[in-house]
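A.B. asks: Here it is, the structure in full.
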Amino acid sequence: MYHSPYPAPSVPLDVSVSQFLLSSNPDDVPPDQKILSDFDDQQQTLTLQELRFNAARDSSTFISRFGLQEGDVFPLDFRSSKESPIQPFDLSRRDNRKIPAGMCFSSGTSGKPKGVVFSHHNLIAYLLTLRVTNPFTHNAYMREAFFPSFAHIYGIVSGVLLPAWVGNHVQPMRKFEYLPYLRRCSELKATVLRLVPAAAVRMVKDTAIRDLDLSSVHTVMCSGAPLSDATVKGLKRLLGPETNVLNGYGMSEATITLLRHTRNGQKGSSVGKPAAGVTVRVVDDHFNDVPIGIEGECLVKGPTVFMEYKNNPTETASAFRDGWLCTGDVVKVDEDGYFWLTGRKKELIKYKGNQIAPAELEAILLSHPLVMDAGVCGIAWDGDGEEVPIGFVCLPSSTAKVDYSKTLDEIRIYLEERVAPYKRLRGGLHCLESLPKNNSGKLVRSELAAIAKRIHQTRAML
Numbered sequence: 460m461y462h463s464p465y466p467a468p469s470v471p472l473d474v475s476v477s478q479f480l481l482s483s484n485p486d487d488v489p490p491d492q493k494i495l496s497d498f499d500d501q502q503q504t505l506t507l508q509e510l511r512f513n514a515a516r517d518s519s520t521f522i523s524r525f526g527l528q529e530g531d532v533f534p535l536d537f538r539s540s541k542e543s544p545i546q547p548f549d550l551s552r553r554d555n556r557k558i559p560a561g562m563c564f565s566s567g568t569s570g571k572p573k574g575v576v577f578s579h580h581n582l583i584a585y586l587l588t589l590r591v592t593n594p595f596t597h598n599a600y601m602r603e604a605f606f607p608s609f610a611h612i613y614g615i616v617s618g619v620l621l622p623a624w625v626g627n628h629v630q631p632m633r634k635f636e637y638l639p640y641l642r643r644c645s646e647l648k649a650t651v652l653r654l655v656p657a658a659a660v661r662m663v664k665d666t667a668i669r670d671l672d673l674s675s676v677h678t679v680m681c682s683g684a685p686l687s688d689a690t691v692k693g694l695k696r697l698l699g700p701e702t703n704v705l706n707g708y709g710m711s712e713a714t715i716t717l718l719r720h721t722r723n724g725q726k727g728s729s730v731g732k733p734a735a736g737v738t739v740r741v742v743d744d745h746f747n748d749v750p751i752g753i754e755g756e757c758l759v760k761g762p763t764v765f766m767e768y769k770n771n772p773t774e775t776a777s778a779f780r781d782g783w784l785c786t787g788d789v790v791k792v793d794e795d796g797y798f799w800l801t802g803r804k805k806e807l808i809k810y811k812g813n814q815i816a817p818a819e820l821e822a823i824l825l826s827h828p829l830v831m832d833a834g835v836c837g838i839a840w841d842g843d844g845e846e847v848p849i850g851f852v853c854l855p856s857s858t859a860k861v862d863y864s865k866t867l868d869e870i871r872i873y874l875e876e877r878v879a880p881y882k883r884l885r886g887g888l889h890c891l892e893s894l895p896k897n898n899s900g901k902l903v904r905s906e907l908a909a910i911a912k913r914i915h916q917t918r919a920m921l
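Below is the structure:
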C-alpha cells in the first residue's frame with residue numbers, strides 16, 4: 460500500500476462547490492482580473508468577478524422561468540440574462556459527499572462512454588489536491604491555451620473550476636490542433652503546455668516550431684499515454700533544462716490519482732507518487748499486492764473517487780473491490796516509490812500466454828526519427844482466437860509514397876531489435892495519414908481496432 464508523501468488536504472463536508480469557490484481566493488486575485496478569453500476573438504473576456512456573478516445570474520433565470528428544482532441540469536449562456544443572481548447552493552446542514560454536483564462521461568477511448576457522477580466533496584477535494592500537490596503550477600500566475608473538452612473531468616476542473624478558484628488565465632480552443640495551439644501559447648506567453656505524448660514527440664522532431672518563442676513555458680504536462688525518457692530529454696533540450704516535464708496520470712472515475720512534484724523529486728518519465736490524500740495499491744489478478752518492480756493493476760482510495768455511474772448500479776459495483784476503485788490500469792513501482800504506467804489491463808494483447816502492452820510498442824515506434832505518431836492494438840488472427848499486435852504509424856509528409864514499403868520495413872526491424880520475439884508486430888505495420896483521436900488528442904483505440912479489422916478482412920478476401 461502506497462501513501463502520498465504530501466499532506467492530505469482538509470476537505471470540508473458542509474459546503475457546495477459554489478460556496479467553496481465564492482468563499483475562497485487563495486492567491487488574493489483582484490475581482491477585475493481577466494481569467495478567460497476567447498480563442499477566436501481575444502477581445503471577448505471574463506474577469507473573475509464576471510465569471511462568478513454571471514454563472515449565478517443565469518442560474519436564476521432558468522430557475523424563475525422554468526421552475527427548475529435541485530438536481531436539474533441546464534446549459535449556461537453567460538451573455539443572455541438580466542436577472543438577479545441566486546445565492547450559492549447551501550449545503551451547510553448536509554453531507555456534501557452524498558450530493559451530486561455534476562456528471563461527465565468517460566473518454567470512451569477503449570469502449571462505450573459511461574456517465575460518471577461526482578459529488579460536491581469530490582470536486583472540492585480535486586481542487587485542493589491539485590493545490591497541495593503542485594502549488595508551483597496550480598496558481599493565479601498560470602497562463603495557458605486550453606484544449607481538453609469541458610465535457611470531461613479534466614476540462615471541467617482544470618479549465619473551468621480551477622480558474623474560478625485561483626484566477627489563472629485560460630484561453631479555451633475548440634479542439635486540439637498542433638500548430639495553432641503552439642502558436643497561441645507563444646502569443647499568450649503561456650507558462651504551461653498540456654500535451655499528449657504523440658504531440659510531445661512531434662515537438663521534439665519538428666524543426667518548423669524552432670522560431671516560436673516558448674521561453675515563458677516552465678511546465679509541460681503530458682497525459683493520455685506513457686511518455687518515454689527520450690521525449691522528456693528532448694523537451695528539456697527544446698524548452699530549457701529547467702523546464703518541468705510531468706508525465707501525469709488520472710482517469711474520470713478517480714479524477715486525480717498520481718502526480719509528481721514540480722520542484723524536486725522528478726524521475727524520468729514516471730507518473731510520480733500518489734497525490735495528496737490518495738492511497739494506492741498495486742495488485743495481481745487475485746487482488747494480492749505485488750512486490751516492488753512487478754507490474755499489477757492500480758487500485759485507488761481517496762476523497763476524489765467518484766460516486767457512481769449514472770443509472771448503472773451493476774457497473775458501479777464492478778468498479779470497486781472492498782472499497783478500492785479498480786482502475787484497470789497497469790503500473791509498477793520502483794524502489795524509490797515512483798510509479799510507472801505500462802498501459803490498460805483490458806488493452807493488453809494476449810499472445811501464446813504472454814501479455815503485450817500496446818503502449819510499450821507505441822513508445823518504441825515513436826522513438827524512431829521518421830515516426831510522427833503511432834498506435835498499436837490487438838487483432839484476432841487465423842481463426843484460432845489468438846491475438847497478435849498490429850501497428851500503425853504516421854510518417855512525415857516529405858516521405859514519398861513509393862518509399863512507404865521500404866520505410867515501414869525499416870521501422871518494423873527497428874522495433875523488433877528492441878523487443879522480445881513474442882512482441883513483434885505479427886499483424887503488420889501500416890501507414891495512416893492520421894490516427895483516430897478525440898478532441899483532446901488522445902488515441903481512440905476502439906476505432907483503431909476497427910481499422911485493423913477492416914485491413915485484416917480485406918487481406919482475407921485477396
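Under our numbering, the letters of the sequence shown match residues 460 to 921, in that order. Idealized CB from N, CA, C, for every residue including glycine. Note that the structure is predicted; figures quoted are calculated from it, not measured.
1. Do Ala623 and Phe564 have their C-beta atoms within less than 8 Å of each other?
2. Starting from Leu820, follow the alpha helix (DSSP H) in both directions and report where the run begins and ends.
3. What are the boundary residues of the beta strand (DSSP E) that includes Ser578?
4. Roughly how many angstroms lie between the CA atoms of Lys557 and Arg913, to the nearest whole one?
5. Under the rule that 16 or more other beta-carbon atoms within 10 Å means buried, what is Arg669, buried or exposed?
6. Per DSSP, which residues does Thr504 bridge with? Please list them.
7. Let me make sure I understand the geometry here. Which of Ser711, Ile715 and Leu673 has the alpha-carbon closest to that of Arg696?
8. Between the beta-carbon of Arg959 and the beta-carbon of Glu876, is there less than 8 Å?
9. Asn555 and Asp473: beta carbons closer than 8 Å?
10. Excluding the five sequence neighbours on either side, which residues of its own chain have a C-beta within less than 7 Å of the C-beta of Ala667, listed in chain order?
11. Quick one: what's got a C-beta closer than 7 Å to Arg538's C-beta in the same chain, skipping five residues either side?
12. Measuring alpha carbon to alpha carbon, tell me which of Thr858, Val691 and Arg643 ends up nearest Ala659.
13. Is Arg705 buried or exposed, if buried means 16 or more other CB atoms sit within 10 Å of its CB?
14. In angstroms, rounded to a whole number, what distance separates the CA positions of Asp781 and Arg740?
15. Let me know if Lys896 comes out buried or exposed under the rule of 16 or more other beta-carbons within 10 Å of its beta-carbon.
16. Hey, how far is the Cα of Asn898 from the Cα of Pro817?
17. What residues in its chain sit with their C-beta under 7 Å from that of Thr775, if we drop five residues either side in the sequence?
18. Are Cys785 and Leu807 touching if we call contact CB-CB under 8 Å?
19. State the Cα-Cα distance for the pair Leu854 and Ser905, rounded to the nearest angstrom.
20. Name the two residues that bound the continuous beta strand (DSSP E) containing Met680.
21. Give the single residue among Glu819, Asp788 and Ile583 whose Cα lies nearest to the Cα of Asp744.
22. In chain order, which alpha helix (DSSP H) runs of at least 4 residues are fully inside the segment 640–717?
23. Considering only residues of the same chain and omitting the five flanking positions on each side of Phe577, which have a CB-CB separation below 6 Å?
24. Label Gly752 either buried or exposed according to how many other C-beta atoms from any shown protein chain fall within 10 Å of its C-beta, with 16 as the threshold for buried.
25. Looking at the structure shown, is Thr738 part of a helix, part of a strand, or coil, going by DSSP?
26. Could you please give me the residues that DSSP links to Asp748 through a beta bridge?
27. Skipping 5 residues on each side, what residues in its chain have a beta carbon closer than 7 Å to that of Ser477?
28. Could you check if Ser728 belongs to the surroundings of the ligand FMN, using beta carbon to heavy atom distance under 7 Å?
29. Give me the residue from Ile849, Thr866 and Gly850 with the minimum Cα distance to Ser857.
30. How many angstroms separate the CA atom of Gly834 from the CA atom of Thr678?
C.D. replies: On the basis of the data shown:
1. no
2. Leu820: member of the alpha helix (DSSP H) spanning Pro817 to Leu825, first to last residue.
3. Unbroken beta strand (DSSP E) run through Ser578: Gly574 to Ser578.
4. 46 Å
5. By the 10 Å Cβ count, Arg669 comes out exposed.
6. Ser496
7. Leu673
8. The requested residue 959 does not occur in the structure, where the chain is confined to residues 460 to 921.
9. yes
10. None.
11. Any reading at Arg538 must be qualified, since the residue scores a pLDDT of 46, below 50, and its modelled position is unreliable; the value itself is stated next. Taken in chain order, the list of residues that qualify is empty.
12. It is Val691 whose Cα lies nearest to the Cα of Ala659.
13. The residue asked about is misnamed: residue 705 is Leu in this sequence, not Arg. Buried: at least 16 other Cβ atoms inside 10 Å.
14. If you draw a straight line from the Cα of Asp781 to the Cα of Arg740, it comes to about 12 Å.
15. Buried is the call here.
16. 21 Å
17. Glu767 and Tyr768
18. Inclusion of Cys785 and Leu807 in the CB contact set at 8 Å is not warranted, their separation being larger than that value.
19. 22 Å
20. Thr678 to Cys681
21. Asp788
22. 656–664 and 688–698
23. Ala560, Gly561 and Phe765
24. Looking at its Cβ environment, which holds fewer than 16 other Cβ atoms inside 10 Å, Gly752 is exposed.
25. strand
26. Val742
27. Hits under 7 Å: Pro547 and Phe548.
28. Absence of the ligand FMN is noted for the structure shown, with no ligands found whatsoever.
29. Thr866
30. 26 Å
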